[in-house]
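*Asks:*
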Amino acid sequence: MPIDYIDEKKSKTETVTFRLSSDLIDELKKDAEIEGVSLNSYVAKIFANHVQWERYERKVGLLPMTESFLKGVLDELTEEQVVYLAREIEKKKFKDMLAFMKDSHDVDEFIEVLRSWLTVSWMQHNIVVKNGAYSFKIRHNLGEKWSLYVKTLVMDLAHDVLGKKIDAVTMGPTLLSLKFSK
89 MPIDYIDEKK
99 SKTETVTFRL
109 SSDLIDELKK
119 DAEIEGVSLN
129 SYVAKIFANH
139 VQWERYERKV
149 GLLPMTESFL
159 KGVLDELTEE
169 QVVYLAREIE
179 KKKFKDMLAF
189 MKDSHDVDEF
199 IEVLRSWLTV
209 SWMQHNIVVK
219 NGAYSFKIRH
229 NLGEKWSLYV
239 KTLVMDLAHD
249 VLGKKIDAVT
259 MGPTLLSLKF
269 SK
């Protein structure tokens, strides 16, 4: 779940010690090696993911499901049904999530929640901040209807929550490009 976010804020760090089982540490070391990062960086990413997303998942009604199940459900829907679900059901849910997870609704908070959602949803993404604008590229394995869902949801949320217009381009059945100003 690599995240490429160029405008990352540097924050103060501090050293802490945890007592963990040797087996758990060995597994974490293996995973860190596979990811190509230090154990410290890997564990910091796990903690950040928990603070940014996992502690809210059940509280806001999110459920894990397989890609094949979700893709199968989407394949049964018309494009109009996908747009309806994104606009009329999911947008309200995401607004509630934003209100629950964050005190303010500025661009940076919106981006943080969006990044967390993309990461936990296993959507590969690249975020670049350049010339006062955010540029997202999002890749997934769920087909055109998922792209339509993500595009509709993010565009409508940005408009309603931030008052921002997003330029969205579907670059293929599994690749989206989203751009908007800071």
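So the numbering used here is basically just the index in the sequence shown, starting at one, shifted up by 88.
Even glycine gets a Cβ: it sits at the ideal position worked out from N, Cα and C.
Keep in mind it's a predicted model, so treat the numbers as computed, not measured.
Assuming contact is defined by CB atoms lying nearer than 9 Å, are E155 and N229 in contact in what I supplied?
*Replies:* Cβ atoms of E155 and N229: closer than 9 Å.
*Asks:* If you reduce the DSSP assignment to three classes, tell me which class L266 lands in.
*Replies:* Here L266 sits in strand by DSSP.
*Asks:* If you run the structure through DSSP and keep just helix, strand and coil, what is V238?
*Replies:* Helix at V238.
*Asks:* Under DSSP, the alpha helix (DSSP H) around V161 begins and ends at which residues?
*Replies:* For V161, the uninterrupted alpha helix (DSSP H) segment begins and ends at E155 to E164.
*Asks:* How big is the Cα-Cα spacing for L250 and L206?
*Replies:* 19 Å
*Asks:* Do the region 171-181 and the region 192-200 meet, that is, are 3 or more Cβ pairs less than 8 Å apart?
*Replies:* no
*Asks:* From D111, K239, I134 and I113, pick the residue whose C-alpha is nearest to that of L263; which is it?
*Replies:* When only C-alpha atoms are compared, the closest one is K239.
*Asks:* So, for D119: in the same chain, excluding its five sequence neighbours on each side, which residues have a beta-carbon less than 7 Å away from its beta-carbon?
*Replies:* Y130
*Asks:* What residues in its chain sit with their C-beta under 7 Å from that of M243, if we drop five residues either side in the sequence?
*Replies:* I254 and A256
*Asks:* Are L237 and L151 close, meaning C-beta to C-beta below 9 Å?
*Replies:* The sequence shown places Tyr at residue 237, not Leu. Not in contact: Y237 and L151 (Cβ atoms no closer than 9 Å).
*Asks:* Using a threshold of 9 Å, state whether the C-beta atoms of L202 and F224 are closer than that.
*Replies:* yes
*Asks:* Which residues in the same chain have their Cβ closer than 6 Å to the Cβ of I113, if we skip the five residues on either side of it in sequence?
*Replies:* none
*Asks:* How far does the alpha helix (DSSP H) with D196 in it reach, from first residue to last?
*Replies:* V195 to V208
*Asks:* Please classify S99 as buried or exposed, where buried requires at least 16 other C-beta atoms within 10 Å of its C-beta.
*Replies:* S99 comes out exposed.
*Asks:* Please report the straight-line C-alpha distance between S126 and Q212, rounded to a whole angstrom.
*Replies:* 21 Å
*Asks:* Which value, in whole angstroms, describes the spacing of the CA atoms of A132 and Q140?
*Replies:* 12 Å
*Asks:* Among residues of its own chain, excluding the 5 on either side of P261, which ones have a beta-carbon nearer than 6 Å to its beta-carbon?
*Replies:* G231 and E232
*Asks:* State buried or exposed for F198, treating a residue as buried only when at least 16 other CB atoms are found within 10 Å of its CB.
*Replies:* Label assigned to F198: buried.
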